[in-house]
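Each number in my numbering corresponds to the 1-based position in the sequence shown with 1237 added. Have a look at the structure below before the remarks.
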Amino acid sequence: MESQGILEDSISPYLFPMVVMNKRENKKRLWFEYRKLNQIKKKDSYPLPHIDELLSVLGGAKYYSTLDALSGFWKIPLSYQTKEKTAFSPGPGLGFYQFTVLPFGLTNTPAVFQRTMETILKPTLWKSAVVLIDDIKIFSNTWEKRLSDLRSVFELFKSTN
1238 MESQGILEDS ISPYLFPMVV MNKRENKKRL WFEYRKLNQI KKKDSYPLPH IDELLSVLGG
1298 AKYYSTLDAL SGFWKIPLSY QTKEKTAFSP GPGLGFYQFT VLPFGLTNTP AVFQRTMETI
1358 LKPTLWKSAV VLIDDIKIFS NTWEKRLSDL RSVFELFKST N
């Protein structure tokens, strides 16, 4: 993760525990215990769409495409002040690191990511695409429109890198 630019060495005064969680198919997920930080962090109240709103707008379409912003949180850089608050150590003698990008587990991660996705997709939002955090649903009434809508969404993502 360090070679990918996701982590960097840290000299932070903060230190949060790292937990390894089991996922499906014998995969592992790293989780960081940010509960104490989340309790004192100012809450970002950016709203997530309600499921009934999503279902309502999707209900009339004939064609659907689903995209998943794989590792999308790791595309959003953190400010210097926030980086140091994500510090952790995998164990004694194994280093001291901090995230350079948005990690899982911070209270505001979903709101920050939702805002980012809605900003990127604004020209298509609720017209041909909806987003719920890292899941994007593109909806269309004709096959030709579906192709056009997909192209529009891909171009928006490409233009924002």
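Where a beta carbon is used, it is the ideal one built from N, C-alpha and C, also for glycine. As the structure is a prediction and not an experimental result, all values here were calculated from the model.
- Ranked by Cα distance from S1326, the options S1249, A1366, M1258 are led by S1249.
- In the structure shown, Q1335 adopts extended strand secondary structure according to DSSP, grouped into three states.
- In this structure, DSSP gives F1310 a helical state, which the three-state scheme calls helix.
- Residue range 1244-1246 is occupied by the beta strand (DSSP E) that includes D1246.
- At a Cβ-Cβ threshold of 7 Å, T1323 and Q1335 count as neighbours.
- Around the C-beta of S1293, fewer than 16 other C-beta atoms lie within 10 Å, and the residue is accordingly described as exposed.
- Straight across, the Cα-Cα distance linking E1245 with I1288 is about 37 Å.
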